[in-house]
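Only one structure is covered here, and it is reproduced in the block below.
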Amino acid sequence: MMRHVLNLGLRLFLVCAVAAAGLGFTYSLVKDRIAQEEAKRRARAAEAVLSSIPAQPEESEELTALLQPDFPDLITVFEGLDEAGRRAGYAFVLKSKGYNFITMAVGVDLEGKVTGIKAVTNEETPGLGAVALDSEEYLAKFQGKGPEPLTLKVDVDAWTGATFTSKGIANGVNMALEMWKRLQEGGGV
Amino acid sequence: MIVEEKKKTLWGELRKGFITTNPLLVLMVGLCSALAISTRVENCIFMGLAVIFVLTCSNVIISLIRNFIPDQVRIPIYIVVIASFVTIVDLTLKTIPAVYERLGVWIPLIVVNCIILARAEGYASSAKVSHALMDGLGIGMGYTTVLLIMSVFRELFGTGKIVLFDKTIINLHIKAVPVILIMFPGAFITFALLSALLQWYQARKKPGTEEG
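Order-wise, the sequence lines are chains S and V.
Numbering-wise (numbering that gives the first Met the number 0), the first sequence opens with residue 0 and increments by one.
Numbering-wise (numbering that gives the first Met the number 0), the second sequence opens with residue 0 and increments by one.
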């Protein structure tokens, strides 16, 4: 009996080990490409959310390192520079909890007003949350809010059938506004 | 099952997936994702390719190790094999962002696509490798064909045009389209019509065999 159980376990283990090795190998082949594509997508989103100011985003490791200890959901900060190279705003790329995890870019100008929102990855439920997160019209409703944190259903309506996603977007915006405040208080470096 | 008792030829194994054991219309497995994604032709092309790849690979591997797999833990082993191939597809597609953005959410669903598990359990686990290979290709292509027919019908009449890779291929120039076709009920209606059509065709081809 004991031998039988061991035999089953061993065979299952072998199959899993081979599968794991195969997956590890595939991952090692593609991981650099994936990281590159993700960085590109973040940069595109940052550009989109700052386009209304207008400002060119430049990734700032300094600001990211400054904020990340207090905001673990922050992925990276872009500084928005105007034509003369002066700082005109920020684009925060962050994770927020919707129905799944939302990665989004939030643009904030120097007055602490939201300049735009864009989803970097959309893993919300197709047909429900995903529609809300993809809707430029809906995301535009958040534009111009701040610097005070906004309340969902008061400042901006929730999307019918996608309450969790709407909450996730609002929380992400509030997180960005909080980070903006921190940067202002900290002298903005 | 009658088909499988006949002498198996490779060509026959490939062909049966289209009509006699079509996974969607006859076996009626793997319906959930088929109903969900057949709103756009483009999605169906990629989904079809991904399913053909995963199904063929898992069929071959499971057929190869069929004598090694103990009966009591066969299902977990099938799932591990299938999930591994799906993850490989997922990782590979991530390097092509244009495709991944459209299809990303559906890829993990291939794991739970019953077609693949059904073929692993019901066919590949007791078939020769060459037959399992042809079965995977045939069933996969049968699945893709039905997806394409459904999506062409739904996209064309539900939105009035077919958009493929950001280009409008066909435009009917009608304003009042039955939007219901691209919504969930439309999936059931389209599927039922297709299924009925196939039943009717088969019943007509060999009269009398349906009763009895």
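Note that CB positions come from ideal geometry on N, CA and C, so glycine has one too.
Since we're looking at a predicted model, the values are computed, not measured.
The way I'd put it, the stretch 127 to 142 of chain S doesn't touch the stretch 58 to 72 of chain S; fewer than three beta-carbon pairs between them come closer than 8 angstroms.
A residue is called buried when at least 16 other Cβ atoms come within 10 angstroms of its Cβ; S83 (chain V) meets this threshold and is buried. Residue pairing for D108 (chain S): DSSP places it in a beta bridge opposite S:G88.
Shown here, K96 (chain S) sits in a strand according to DSSP, grouped into three states. Residue contact check for L149 (chain S) against chain V: no CB pair falls below 8 angstroms. DSSP places A118 (chain S) inside the beta strand (DSSP E), whose first and last residues are 113 to 120.
In the three-state scheme derived from DSSP, where H, G and I count as helix and E and B as strand, F141 (chain S) is classed as coil. Around the CB of V40 (chain V), 16 or more other CB atoms lie within 10 Å, so the residue is classed as buried. The DSSP-derived three-state label of N170 (chain V) is strand. I168 (chain S) has its alpha-carbon roughly 11 angstroms from the corresponding atom of V155 (chain S). Listed in chain order, the beta strand (DSSP E) elements of length 3 or more contained wholly in the stretch 108 to 193 of chain V are 160 to 163, 166 to 170. Nearest CB-CB separation between V72 (chain V) and chain S: below the 8 angstroms threshold. Between E46 (chain S) and chain V, the shortest Cβ-Cβ separation is not below 8 angstroms. The three-state secondary structure of G16 (chain V), taken from DSSP, is coil. For a Cβ distance threshold of 7 angstroms, residue set I87, L90 of chain V lies close to T25 (chain S), ordered along the chain.
Close to G21 (chain S), with beta-carbon spacing below 8 angstroms, are these residues of chain V in chain order: S83, I87. In its chain, beyond the 5 residues on either side, F183, A186, F187, F190 have a beta carbon closer than 8 angstroms to the beta carbon of L34 (chain V).
Under the Cβ criterion (8 angstroms, minimum of three pairs), the stretch 32 to 42 of chain S does not count as touching the stretch 59 to 68 of chain S.
Contact annotation: S95 (chain S) and M174 (chain S) have beta-carbon atoms nearer than 8 angstroms. In the DSSP assignment, V76 (chain S) forms a beta bridge with S:F91. E58 (chain S) has S:F77 as its beta-bridge partners, per DSSP.
Residues of the stretch 169 to 185 of chain S with a Cβ closer than 8 angstroms to any Cβ of chain V: none.
Between K204 (chain V) and the set V:W10, V:I18, V:F45, V:T8, the nearest pair of CA atoms involves V:I18. Residue-level contact by beta carbon fails for I116 (chain S) and chain V, as no gap is shorter than 8 angstroms. Taking every protein chain shown into account, the CB of V4 (chain S) has fewer than 16 other CB atoms within 10 angstroms, so this residue is exposed.
Apart from sequence neighbours up to five positions away, the residues of its chain that approach Y142 (chain V) with a beta-carbon distance below 7 angstroms are P22, L23, G29, G47, V50, I114, ordered along the chain.
With contacts defined by Cβ atoms closer than 8 angstroms, I101 (chain S) and A90 (chain S) do not form a contacting pair. Residue contact with chain V for R2 (chain S): absent (no Cβ-Cβ distance below 8 angstroms to any residue of chain V). By the Cβ test, the stretch 43 to 56 of chain S is in contact with the stretch 74 to 87 of chain S, since at least three Cβ pairs between them sit closer than 8 angstroms. Within the same chain, and ignoring the five residues on either side of S150 (chain V) in sequence, the residues whose Cβ sits closer than 8 angstroms to its Cβ are I36, S37, T38, R39, V40, N42, C43. Residue pairing of I101 (chain S) in beta bridges, as defined by DSSP: S:S95. With a beta-carbon spacing of about 5 angstroms, G128 (chain S) and Y98 (chain S) fall inside the 8 angstroms limit used to define contacts.
In the structure shown, the three-state DSSP call for L48 (chain V) is helix.
Closer than 7 angstroms at the C-beta level to chain S, one finds no residue of the stretch 124 to 154 of chain V.
Assigned with DSSP and collapsed to three states, V28 (chain V) falls in coil, not helix or strand. For L127 (chain S), the closest Cβ of chain V is not nearer than 8 angstroms.
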